[in-house]
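A short write-up of the structure that comes next.
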Amino acid sequence: MSHGFETLAIHAGQDPEARTGAVIPPIYQTSTYAQDAVGAPRLGYEYSRSGNPTRDALQECLAALEGGAVGLAFASGLAAEDTLLRTVCKPGDHVVIPDDAYGGTYRLFARVVERWGLAYTPARVSDPDAIRAAIRPGSTRIVWVETPTNPLLGIADIAALAAVAHDAGALLVVDNTFASPYLQQPIALGADVVVHSTTKYIGGHSDVVGGALIAADAGLGEELRYHQNAMGAINGPFDAWLTLRGIKTLGVRMDRHCDNAERLAAYLDGHAQVAQVIYPGLPSHPGHEIAAKQMRRFGGMISFRAAGGEEHAVEICNRARLFVLAESLGGVESLIEHPGRMTHASAAGSPLEVPGDLVRLSVGIETVDDLLADLEQALG
6 MSHGFETLAI HAGQDPEART GAVIPPIYQT STYAQDAVGA PRLGYEYSRS GNPTRDALQE
66 CLAALEGGAV GLAFASGLAA EDTLLRTVCK PGDHVVIPDD AYGGTYRLFA RVVERWGLAY
126 TPARVSDPDA IRAAIRPGST RIVWVETPTN PLLGIADIAA LAAVAHDAGA LLVVDNTFAS
186 PYLQQPIALG ADVVVHSTTK YIGGHSDVVG GALIAADAGL GEELRYHQNA MGAINGPFDA
246 WLTLRGIKTL GVRMDRHCDN AERLAAYLDG HAQVAQVIYP GLPSHPGHEI AAKQMRRFGG
306 MISFRAAGGE EHAVEICNRA RLFVLAESLG GVESLIEHPG RMTHASAAGS PLEVPGDLVR
366 LSVGIETVDD LLADLEQALG
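Under the numbering used here, the first residue of the sequence shown is numbered 6, with each subsequent residue one higher.
This is the structure:
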(Lines of atoms letter the chains of each structure in order from A and count residues from 1; the text may use other names and numbers.)
(Lines give C-alpha, C1' and ligand atoms only; values in the text may rest on other atoms or scores of the structure.)
Protein backbone atom coordinates (compact mmCIF):
# COMPACT_ATOMS: atom_id res chain seq x y z
CA MET A 1 0.00 0.00 0.00
CA SER A 2 1.37 3.40 -0.94
CA HIS A 3 1.05 6.38 1.38
CA GLY A 4 1.01 10.14 0.92
CA PHE A 5 3.98 12.37 1.67
CA GLU A 6 2.82 13.59 5.08
CA THR A 7 2.06 10.02 6.19
CA LEU A 8 5.53 8.87 5.16
CA ALA A 9 7.11 11.84 6.93
CA ILE A 10 5.49 10.76 10.20
CA HIS A 11 5.67 6.97 9.90
CA ALA A 12 8.43 5.79 7.51
CA GLY A 13 11.20 4.18 9.54
CA GLN A 14 9.39 5.16 12.73
CA ASP A 15 7.32 2.23 13.94
CA PRO A 16 6.57 2.23 17.68
CA GLU A 17 9.52 0.86 19.65
CA ALA A 18 9.09 -2.90 20.12
CA ARG A 19 9.89 -3.25 23.83
CA THR A 20 7.94 -0.34 25.33
CA GLY A 21 5.67 0.85 22.52
CA ALA A 22 7.27 4.31 22.51
CA VAL A 23 5.74 6.21 19.59
CA ILE A 24 8.85 8.31 18.95
CA PRO A 25 12.07 6.46 18.00
CA PRO A 26 14.47 6.45 20.96
CA ILE A 27 17.77 8.29 20.95
CA TYR A 28 20.28 5.46 20.99
CA GLN A 29 23.05 7.50 22.59
CA THR A 30 25.66 4.77 22.51
CA SER A 31 29.02 4.27 20.85
CA THR A 32 29.07 0.47 20.88
CA TYR A 33 26.83 -2.60 21.30
CA ALA A 34 27.04 -5.87 23.23
CA GLN A 35 27.40 -8.85 20.90
CA ASP A 36 25.77 -12.24 21.48
CA ALA A 37 28.94 -14.08 20.44
CA VAL A 38 32.12 -13.45 18.52
CA GLY A 39 31.03 -12.51 15.02
CA ALA A 40 27.36 -12.36 16.01
CA PRO A 41 26.36 -8.74 16.60
CA ARG A 42 22.78 -8.28 17.76
CA LEU A 43 20.60 -7.06 14.86
CA GLY A 44 23.82 -6.24 13.01
CA TYR A 45 24.85 -3.38 15.32
CA GLU A 46 28.54 -3.31 16.27
CA TYR A 47 29.67 0.32 16.51
CA SER A 48 27.75 3.55 16.02
CA ARG A 49 29.87 4.90 13.20
CA SER A 50 28.82 1.84 11.22
CA GLY A 51 25.19 1.79 12.31
CA ASN A 52 22.86 3.32 14.88
CA PRO A 53 19.10 2.65 15.19
CA THR A 54 18.19 6.34 15.46
CA ARG A 55 20.22 7.18 12.35
CA ASP A 56 18.73 4.17 10.57
CA ALA A 57 15.22 5.48 11.25
CA LEU A 58 16.16 8.83 9.71
CA GLN A 59 17.81 7.18 6.72
CA GLU A 60 14.78 5.00 6.00
CA CYS A 61 12.50 8.02 6.21
CA LEU A 62 14.69 10.09 3.87
CA ALA A 63 14.72 7.32 1.27
CA ALA A 64 10.94 7.03 1.45
CA LEU A 65 10.38 10.78 1.06
CA GLU A 66 12.65 11.02 -2.00
CA GLY A 67 11.52 7.74 -3.56
CA GLY A 68 15.05 6.32 -3.45
CA ALA A 69 16.49 2.88 -2.72
CA VAL A 70 18.99 3.96 -0.03
CA GLY A 71 19.14 7.02 2.22
CA LEU A 72 22.23 8.01 4.19
CA ALA A 73 22.64 10.70 6.85
CA PHE A 74 25.81 12.71 7.47
CA ALA A 75 27.24 15.29 9.84
CA SER A 76 26.64 18.11 7.32
CA GLY A 77 25.62 18.70 3.74
CA LEU A 78 29.27 19.16 2.77
CA ALA A 79 30.20 15.88 4.45
CA ALA A 80 27.57 14.20 2.28
CA GLU A 81 28.93 15.92 -0.85
CA ASP A 82 32.53 14.95 -0.08
CA THR A 83 31.56 11.33 0.53
CA LEU A 84 29.66 11.21 -2.76
CA LEU A 85 32.51 12.70 -4.77
CA ARG A 86 35.13 10.35 -3.35
CA THR A 87 32.87 7.34 -3.83
CA VAL A 88 32.01 8.00 -7.46
CA CYS A 89 35.09 9.85 -8.73
CA LYS A 90 38.83 9.26 -8.82
CA PRO A 91 41.76 11.59 -9.61
CA GLY A 92 41.60 12.61 -13.26
CA ASP A 93 37.81 12.60 -13.44
CA HIS A 94 35.66 15.62 -14.19
CA VAL A 95 32.40 17.09 -12.84
CA VAL A 96 30.09 19.72 -14.32
CA ILE A 97 28.85 22.07 -11.59
CA PRO A 98 26.39 25.00 -11.57
CA ASP A 99 27.76 28.43 -12.42
CA ASP A 100 25.47 29.58 -9.60
CA ALA A 101 26.14 27.17 -6.75
CA TYR A 102 26.24 27.32 -2.97
CA GLY A 103 29.52 28.90 -1.92
CA GLY A 104 30.46 25.92 0.25
CA THR A 105 29.99 23.54 -2.67
CA TYR A 106 32.20 25.74 -4.84
CA ARG A 107 34.83 25.88 -2.09
CA LEU A 108 34.79 22.07 -1.83
CA PHE A 109 35.48 21.76 -5.56
CA ALA A 110 37.94 24.65 -5.91
CA ARG A 111 39.96 24.34 -2.70
CA VAL A 112 39.70 20.69 -1.69
CA VAL A 113 38.90 18.05 -4.32
CA GLU A 114 40.67 19.88 -7.15
CA ARG A 115 43.90 19.36 -5.18
CA TRP A 116 42.99 15.67 -5.11
CA GLY A 117 42.88 15.69 -8.93
CA LEU A 118 39.17 16.14 -9.64
CA ALA A 119 38.50 18.73 -12.36
CA TYR A 120 35.31 20.73 -12.64
CA THR A 121 33.63 23.08 -15.11
CA PRO A 122 30.90 25.58 -14.15
CA ALA A 123 27.92 25.76 -16.52
CA ARG A 124 24.44 27.26 -16.48
CA VAL A 125 22.05 24.56 -15.26
CA SER A 126 19.04 26.24 -16.89
CA ASP A 127 20.60 25.59 -20.33
CA PRO A 128 20.88 21.89 -21.29
CA ASP A 129 23.07 22.81 -24.27
CA ALA A 130 25.53 24.59 -21.96
CA ILE A 131 25.66 21.51 -19.73
CA ARG A 132 26.19 19.27 -22.77
CA ALA A 133 29.01 21.51 -24.02
CA ALA A 134 30.73 21.41 -20.61
CA ILE A 135 30.86 17.62 -20.51
CA ARG A 136 34.22 16.03 -21.26
CA PRO A 137 33.53 12.71 -23.00
CA GLY A 138 35.16 9.84 -21.19
CA SER A 139 36.05 11.75 -18.03
CA THR A 140 32.86 13.47 -16.81
CA ARG A 141 31.48 11.28 -14.04
CA ILE A 142 28.86 13.63 -12.58
CA VAL A 143 26.58 16.39 -13.76
CA TRP A 144 25.87 18.26 -10.52
CA VAL A 145 22.92 20.63 -10.35
CA GLU A 146 20.99 22.66 -7.83
CA THR A 147 17.41 23.58 -8.60
CA PRO A 148 16.52 26.16 -7.52
CA THR A 149 20.13 27.32 -7.39
CA ASN A 150 21.68 29.18 -4.49
CA PRO A 151 21.41 32.19 -4.47
CA LEU A 152 20.12 33.22 -7.92
CA LEU A 153 17.25 30.69 -7.95
CA GLY A 154 17.95 29.32 -11.40
CA ILE A 155 15.78 26.39 -12.48
CA ALA A 156 17.15 23.24 -14.09
CA ASP A 157 14.95 20.92 -16.14
CA ILE A 158 15.79 17.75 -14.22
CA ALA A 159 14.40 15.31 -16.79
CA ALA A 160 16.26 17.02 -19.64
CA LEU A 161 19.55 17.08 -17.73
CA ALA A 162 19.14 13.44 -16.73
CA ALA A 163 19.03 12.59 -20.43
CA VAL A 164 22.11 14.74 -21.13
CA ALA A 165 24.08 13.17 -18.27
CA HIS A 166 23.10 9.61 -19.07
CA ASP A 167 23.92 10.04 -22.76
CA ALA A 168 27.45 10.90 -21.64
CA GLY A 169 27.68 7.98 -19.22
CA ALA A 170 27.55 10.33 -16.21
CA LEU A 171 25.38 10.45 -13.11
CA LEU A 172 22.93 13.27 -12.49
CA VAL A 173 23.24 14.55 -8.93
CA VAL A 174 20.58 17.03 -7.76
CA ASP A 175 20.99 19.20 -4.68
CA ASN A 176 17.35 19.39 -3.58
CA THR A 177 17.95 21.52 -0.48
CA PHE A 178 16.03 24.62 -1.60
CA ALA A 179 12.96 22.68 -2.73
CA SER A 180 12.86 19.87 -0.15
CA PRO A 181 11.34 16.50 -1.06
CA TYR A 182 7.89 17.93 -0.35
CA LEU A 183 8.10 20.31 -3.30
CA GLN A 184 10.26 18.27 -5.69
CA GLN A 185 11.39 14.67 -6.12
CA PRO A 186 14.33 14.51 -8.53
CA ILE A 187 14.65 10.71 -8.59
CA ALA A 188 11.20 10.43 -10.15
CA LEU A 189 12.49 12.77 -12.89
CA GLY A 190 15.63 10.73 -13.64
CA ALA A 191 18.22 11.85 -11.06
CA ASP A 192 20.66 9.23 -9.77
CA VAL A 193 21.49 10.82 -6.41
CA VAL A 194 19.78 13.52 -4.37
CA VAL A 195 21.80 15.68 -1.97
CA HIS A 196 20.41 17.62 0.99
CA SER A 197 21.67 19.90 3.65
CA THR A 198 19.17 18.60 6.21
CA THR A 199 20.15 21.62 8.31
CA LYS A 200 17.72 23.60 6.16
CA TYR A 201 14.06 22.78 5.40
CA ILE A 202 14.20 19.12 6.40
CA GLY A 203 15.35 19.92 9.95
CA GLY A 204 13.48 23.18 9.77
CA HIS A 205 14.18 24.65 13.21
CA SER A 206 17.75 26.00 13.00
CA ASP A 207 18.86 23.69 15.79
CA VAL A 208 20.77 20.90 14.06
CA VAL A 209 23.38 20.57 11.29
CA GLY A 210 23.23 17.59 8.95
CA GLY A 211 23.33 16.28 5.41
CA ALA A 212 21.94 13.43 3.35
CA LEU A 213 22.39 11.40 0.19
CA ILE A 214 19.56 9.42 -1.37
CA ALA A 215 20.48 7.01 -4.16
CA ALA A 216 18.04 5.78 -6.80
CA ASP A 217 20.03 2.57 -7.34
CA ALA A 218 20.55 0.10 -4.49
CA GLY A 219 24.01 -0.87 -5.71
CA LEU A 220 25.27 2.70 -5.73
CA GLY A 221 23.56 3.20 -2.40
CA GLU A 222 25.56 0.36 -0.87
CA GLU A 223 28.80 1.78 -2.27
CA LEU A 224 27.93 5.10 -0.64
CA ARG A 225 27.08 3.30 2.62
CA TYR A 226 30.50 1.62 2.59
CA HIS A 227 32.21 4.98 2.19
CA GLN A 228 29.95 6.59 4.81
CA ASN A 229 31.38 4.11 7.30
CA ALA A 230 34.93 4.17 5.93
CA MET A 231 35.14 7.97 5.89
CA GLY A 232 33.16 8.39 9.10
CA ALA A 233 31.34 11.71 8.60
CA ILE A 234 28.10 10.44 10.17
CA ASN A 235 25.69 12.43 12.29
CA GLY A 236 25.14 11.56 15.95
CA PRO A 237 21.95 9.97 17.28
CA PHE A 238 20.62 13.16 18.89
CA ASP A 239 21.16 15.07 15.63
CA ALA A 240 19.36 12.29 13.75
CA TRP A 241 16.48 12.43 16.25
CA LEU A 242 16.16 16.21 15.90
CA THR A 243 16.11 15.91 12.12
CA LEU A 244 13.38 13.25 12.30
CA ARG A 245 11.36 15.54 14.55
CA GLY A 246 11.63 18.29 11.96
CA ILE A 247 10.63 16.00 9.09
CA LYS A 248 7.26 15.26 10.71
CA THR A 249 6.04 18.81 10.02
CA LEU A 250 7.85 19.36 6.72
CA GLY A 251 4.72 19.36 4.58
CA VAL A 252 2.73 21.84 6.65
CA ARG A 253 5.77 24.08 7.11
CA MET A 254 6.57 24.16 3.41
CA ASP A 255 3.02 25.19 2.56
CA ARG A 256 3.30 28.15 4.95
CA HIS A 257 6.78 29.06 3.66
CA CYS A 258 5.36 29.12 0.14
CA ASP A 259 2.27 31.12 1.14
CA ASN A 260 4.42 33.79 2.76
CA ALA A 261 7.03 33.86 -0.01
CA GLU A 262 4.40 34.35 -2.69
CA ARG A 263 2.99 37.36 -0.83
CA LEU A 264 6.45 38.89 -0.30
CA ALA A 265 7.58 38.30 -3.89
CA ALA A 266 4.46 40.04 -5.19
CA TYR A 267 5.10 42.96 -2.82
CA LEU A 268 8.75 43.33 -3.84
CA ASP A 269 8.01 43.01 -7.56
CA GLY A 270 7.86 46.56 -8.89
CA HIS A 271 8.89 48.20 -5.58
CA ALA A 272 10.79 51.44 -6.22
CA GLN A 273 13.76 50.31 -4.09
CA VAL A 274 14.05 46.94 -5.83
CA ALA A 275 15.69 46.59 -9.25
CA GLN A 276 14.75 42.92 -9.77
CA VAL A 277 12.93 40.19 -7.89
CA ILE A 278 14.09 36.62 -8.46
CA TYR A 279 11.44 34.07 -7.48
CA PRO A 280 10.40 31.03 -9.55
CA GLY A 281 6.76 31.67 -8.73
CA LEU A 282 6.71 34.93 -10.66
CA PRO A 283 5.72 34.57 -14.34
CA SER A 284 8.64 36.88 -15.17
CA HIS A 285 11.14 34.27 -13.92
CA PRO A 286 12.73 32.55 -16.96
CA GLY A 287 12.37 29.14 -15.28
CA HIS A 288 8.78 29.64 -14.16
CA GLU A 289 7.19 27.12 -16.53
CA ILE A 290 9.73 24.38 -15.81
CA ALA A 291 9.42 24.98 -12.08
CA ALA A 292 5.63 24.75 -12.35
CA LYS A 293 6.04 21.43 -14.19
CA GLN A 294 8.41 19.72 -11.74
CA MET A 295 7.68 21.39 -8.40
CA ARG A 296 4.55 21.20 -6.23
CA ARG A 297 4.97 24.89 -5.34
CA PHE A 298 7.76 27.46 -5.73
CA GLY A 299 9.48 27.46 -2.35
CA GLY A 300 10.32 29.87 0.43
CA MET A 301 13.49 31.48 -0.96
CA ILE A 302 13.49 34.92 -2.62
CA SER A 303 16.45 36.89 -3.94
CA PHE A 304 16.29 40.50 -5.09
CA ARG A 305 18.66 43.17 -6.34
CA ALA A 306 18.67 46.49 -4.53
CA ALA A 307 17.99 49.53 -6.71
CA GLY A 308 20.74 51.50 -4.97
CA GLY A 309 23.55 48.98 -5.56
CA GLU A 310 25.74 47.05 -3.16
CA GLU A 311 25.78 49.54 -0.28
CA HIS A 312 22.01 49.80 -0.45
CA ALA A 313 21.77 45.99 -0.30
CA VAL A 314 23.98 45.95 2.80
CA GLU A 315 21.89 48.71 4.40
CA ILE A 316 18.67 46.75 3.79
CA CYS A 317 20.18 43.72 5.52
CA ASN A 318 21.37 45.81 8.45
CA ARG A 319 18.02 47.60 8.88
CA ALA A 320 15.90 44.44 9.00
CA ARG A 321 14.56 43.60 12.44
CA LEU A 322 12.13 40.68 12.22
CA PHE A 323 14.20 39.16 9.41
CA VAL A 324 17.25 37.95 11.31
CA LEU A 325 20.60 38.84 9.71
CA ALA A 326 22.15 35.38 9.52
CA GLU A 327 23.49 32.71 7.22
CA SER A 328 21.60 29.46 6.55
CA LEU A 329 17.97 29.11 5.52
CA GLY A 330 14.90 26.94 5.77
CA GLY A 331 14.07 27.46 9.44
CA VAL A 332 10.73 28.59 10.82
CA GLU A 333 12.17 32.07 11.36
CA SER A 334 12.80 34.49 8.48
CA LEU A 335 16.43 35.28 7.63
CA ILE A 336 18.07 37.93 5.47
CA GLU A 337 21.64 37.99 4.20
CA HIS A 338 24.04 39.57 1.73
CA PRO A 339 25.39 36.58 -0.25
CA GLY A 340 28.39 38.42 -1.69
CA ARG A 341 29.78 39.15 1.78
CA MET A 342 28.35 36.17 3.66
CA THR A 343 27.40 32.72 2.29
CA HIS A 344 29.11 33.19 -1.09
CA ALA A 345 32.20 35.18 -0.09
CA SER A 346 34.36 32.16 -1.04
CA ALA A 347 33.23 32.57 -4.67
CA ALA A 348 34.52 36.17 -4.96
CA GLY A 349 36.67 36.63 -8.05
CA SER A 350 35.52 33.30 -9.56
CA PRO A 351 33.02 32.55 -12.33
CA LEU A 352 30.52 31.93 -9.52
CA GLU A 353 30.83 35.41 -7.98
CA VAL A 354 27.37 36.76 -7.11
CA PRO A 355 26.19 40.34 -7.76
CA GLY A 356 27.08 42.78 -5.02
CA ASP A 357 23.56 44.25 -4.99
CA LEU A 358 21.93 40.88 -4.24
CA VAL A 359 19.89 40.24 -1.07
CA ARG A 360 18.66 36.74 -0.20
CA LEU A 361 15.59 36.08 1.93
CA SER A 362 14.66 32.83 3.62
CA VAL A 363 10.98 33.46 4.26
CA GLY A 364 9.79 31.88 7.49
CA ILE A 365 6.35 31.00 8.78
CA GLU A 366 5.62 34.12 10.85
CA THR A 367 2.52 36.25 10.33
CA VAL A 368 2.99 37.52 6.80
CA ASP A 369 1.80 41.07 7.52
CA ASP A 370 4.59 41.42 10.07
CA LEU A 371 7.15 40.31 7.49
CA LEU A 372 5.78 42.79 4.97
CA ALA A 373 6.03 45.61 7.49
CA ASP A 374 9.64 44.72 8.29
CA LEU A 375 10.61 44.71 4.62
CA GLU A 376 8.87 48.06 4.13
CA GLN A 377 10.97 49.75 6.82
CA ALA A 378 14.18 47.95 5.77
CA LEU A 379 13.87 49.02 2.13
CA GLY A 380 13.76 52.67 3.21
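Built from N, CA and C at the ideal position, the CB exists for glycine as well.
Whole angstroms is fine: what's the gap from residue i's alpha carbon to residue j's?
i: serine 289; j: glutamine 189; result: 21 Å
i: glutamate 267; j: glycine 286; result: 7 Å
i: leucine 48; j: alanine 80; result: 24 Å
i: asparagine 323; j: histidine 343; result: 10 Å
i: glycine 215; j: alanine 106; result: 19 Å
i: phenylalanine 101; j: aspartate 172; result: The amino acid occupying residue 101 in the given sequence is valine; phenylalanine does not appear at that position. C-alpha separation (whole angstroms): 14 Å.
i: serine 55; j: valine 43; result: 17 Å
i: alanine 196; j: alanine 277; result: 41 Å
i: alanine 23; j: isoleucine 252; result: 22 Å
i: aspartate 20; j: alanine 39; result: 23 Å
i: threonine 372; j: alanine 318; result: 24 Å
i: glycine 336; j: asparagine 155; result: 16 Å
i: alanine 352; j: leucine 113; result: 11 Å
i: aspartate 320; j: alanine 383; result: For the record, residue 320 in the displayed sequence is glutamate; it is not aspartate. Approximately 8 Å between the Cα atoms of the pair.
i: glycine 108; j: valine 364; result: 15 Å
i: aspartate 61; j: leucine 194; result: 26 Å
i: alanine 167; j: isoleucine 136; result: 11 Å
i: arginine 250; j: cysteine 263; result: 21 Å
i: glutamate 11; j: leucine 229; result: 27 Å
i: alanine 45; j: threonine 35; result: 18 Å
i: glycine 241; j: glycine 275; result: 46 Å
i: alanine 350; j: glutamate 316; result: 16 Å
i: isoleucine 260; j: glycine 237; result: Reading the sequence as shown, one finds aspartate at residue 260 and not isoleucine. When rounded, the distance between both Cα atoms is 35 Å.
i: valine 130; j: glutamate 338; result: 29 Å
i: leucine 63; j: aspartate 41; result: 26 Å
Use the C-beta contact count for residue i: other C-beta atoms within 10 angstroms, 16 or more gives buried, fewer gives exposed.
i: proline 142; result: exposed
i: lysine 205; result: buried
i: histidine 8; result: exposed
i: valine 368; result: buried
i: threonine 145; result: buried
i: arginine 258; result: buried
i: threonine 182; result: buried
i: threonine 25; result: exposed
i: glycine 314; result: exposed
i: proline 153; result: buried
i: alanine 235; result: exposed
i: arginine 120; result: exposed
i: glycine 385; result: exposed
i: arginine 326; result: exposed
i: proline 291; result: exposed
i: glycine 174; result: exposed
i: glycine 18; result: buried
i: alanine 184; result: buried
Write down the C-beta distance between residue i and residue j rounded to the nearest angstrom, noting that I regard them as a contact closer than 8 Å.
i: phenylalanine 328; j: aspartate 375; result: The Cβ separation is near 10 Å, so there is no contact.
i: threonine 110; j: tryptophan 246; result: That belief does not hold up - the Cβ atoms of threonine 110 and tryptophan 246 are roughly 27 Å apart, past 8 Å.
i: valine 150; j: valine 179; result: 6 Å
i: arginine 91; j: histidine 210; result: Actually they are not in contact, since the Cβ atoms of arginine 91 and histidine 210 sit about 31 Å apart, beyond 8 Å.
i: aspartate 104; j: leucine 357; result: 6 Å
i: alanine 85; j: alanine 217; result: 6 Å
i: isoleucine 411; j: alanine 78; result: It is not possible to answer for residue 411, since the shown part of the chain is limited to 6 through 385.
i: leucine 255; j: isoleucine 207; result: 6 Å
i: valine 198; j: leucine 89; result: 6 Å
i: proline 128; j: serine 355; result: This sequence places alanine at residue 128; proline is not what is there. About 14 Å separates the two Cβ atoms, so there is no contact after all.
i: phenylalanine 309; j: valine 279; result: 5 Å
i: asparagine 265; j: isoleucine 140; result: The pair is not a contact, with the Cβ atoms about 39 Å apart (cut-off 8 Å).
Residues in its own chain within less than 8 Å of residue i by CB, not counting five upstream and five downstream?
i: alanine 223; result: Ala74 and Val75
i: valine 117; result: Asp87
i: leucine 13; result: Cys66, Ala69 and Leu70
i: tyrosine 272; result: Leu377 and Leu380
i: leucine 157; result: Asp105, Ile283, Ser308, Val359 and Leu363
i: leucine 330; result: Cys322, Asn323, Leu340, Ile341 and Glu342
Spatial neighbours of residue i within its chain, please: C-beta separation below 6 Å, excluding the five flanking residues on both sides.
i: glycine 226; result: Ala74, Val75 and Ala220
i: glycine 345; result: Val359 and Gly361
i: tyrosine 52; result: Thr37
i: alanine 170; result: Val148 and Leu177
i: tyrosine 50; result: Tyr38 and Gly56
i: serine 401; result: Lying outside 6 to 385, the shown extent of the chain, residue 401 is not represented and no answer is given.
i: proline 186; result: Leu70 and Glu71
i: threonine 126; result: Val101 and Ala139
Is any beta-carbon of chain D found at less than 7 Å from that of residue i?
i: glycine 385; result: In summary, chain D is missing from the structure at hand, where a single protein chain is found.
Closer than 7 Å by C-beta to residue i: which residues in its own chain qualify, once you throw out the five before and the five after it? Chain order, please.
i: alanine 270; result: Val282, Tyr284, Gly286, Leu287 and Ile307
i: isoleucine 15; result: Lys253
i: leucine 334; result: Lys205, Met306, Leu340 and Ser367
i: glutamate 332; result: Glu342, Met347 and Thr348
i: threonine 122; result: Sequence check: residue 122 is glycine here, not threonine. The residues are Pro96 and Gly97.
Hey, would you say the C-beta of residue i is under 6 Å away from at least one heavy atom of the ligand ATP?
i: proline 31; result: Absent from the structure shown: the ligand ATP. Ligands present: none.
Exercise. Between the segment 15-31 and the segment 237-255, do three or more beta carbon pairs fall short of 8 Å?
Worked result: Segments in contact, yes.
For this session: Assess, as a yes-or-no matter, whether the segment 155-162 is touched by the segment 294-301 under the definition of 3 or more beta carbon pairs within less than 8 Å.
Result: In short, these stretches touch, since the Cβ pair count reaches three.
Exercise. At a cut of 8 Å, does the segment 86-101 reach the segment 59-72 through at least three beta carbon pairs?
Worked result: Touching, no.
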